[in-house]
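Down below is the structure, laid out as structure tokens.
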Amino acid sequence: RAGVHFGIIIGILAVRYVLLPLLGVLIVRSAVKLGLVQSDNLLFQFVLLLQYAVPPAMNIATITQQFGAGQSECSIIMLWAYGLASITLTLWCTLFLWLLAK
Numbered sequence: 001r002a003g004v005h006f007g008i009i010i011g012i013l014a015v016r017y018v019l020l021p022l023l024g025v026l027i028v029r030s031a032v033k034l035g036l037v038q039s040d041n042l043l044f045q046f047v048l049l050l051q052y053a054v055p056p057a058m059n060i061a062t063i064t065q066q067f068g069a070g071q072s073e074c075s076i077i078m079l080w081a082y083g084l085a086s087i088t089l090t091l092w093c094t095l096f097l098w099l100l101a102k
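Its first residue numbered 1, the sequence shown is counted upward by one per residue in UniProt numbering.
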């Protein structure tokens with residue numbers, strides 16, 4: 001059994017699936033207002049927003065395998081992250097499309 005406390009898993013998932021997408025909305029909206037991103041290119045804005053809501057990359061799993069440390073902890077976190085991704089990604093995509101349609 002991996003020694004990952006459930007509170008740590010909840011904290012990681014909260015940051016990954018709540019705080020980062022909210023931060024992404026602020027960053028992309030600010031970039032549009034500053035003229036760094038074209039306001040008429042809604043698909044590009046959607047893709048930028050989507051990058052903040054997708055599950056974590058597999059690079060960390062590769063690194064843990066390479067160095068032989070934290071493999072079981074990483075696998076538990078990835079299991080929960082990818083398990084929750086189908087729900088959170090659907091919700092965030094809906095919200096992002098609604099924000100862009102306004």
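The beta-carbon is built from N, C-alpha and C at its ideal position, and this holds for glycine as well.
query	result
Gln-45 beta carbon less than 7 Å from that of Val-28	yes
Inter-residue spacing [alpha-carbon to alpha-carbon] between Ala-61 and Arg-16	16 Å
Own chain partners of Ser-39 with C-beta closer than 6 Å, once the 5 adjacent residues on each side are dropped	Val-32
Length of the line joining the Cα atoms of Gly-11 and Leu-36	32 Å
Residue span of the alpha helix (DSSP H) that contains residue 106, given as start and end	The displayed coordinates of the chain run from 1 to 102. Any statement about residue 106 would go beyond what the structure contains.
Residue environment, Trp-92, which counts as buried when at least 16 other CB atoms sit within 10 Å	buried
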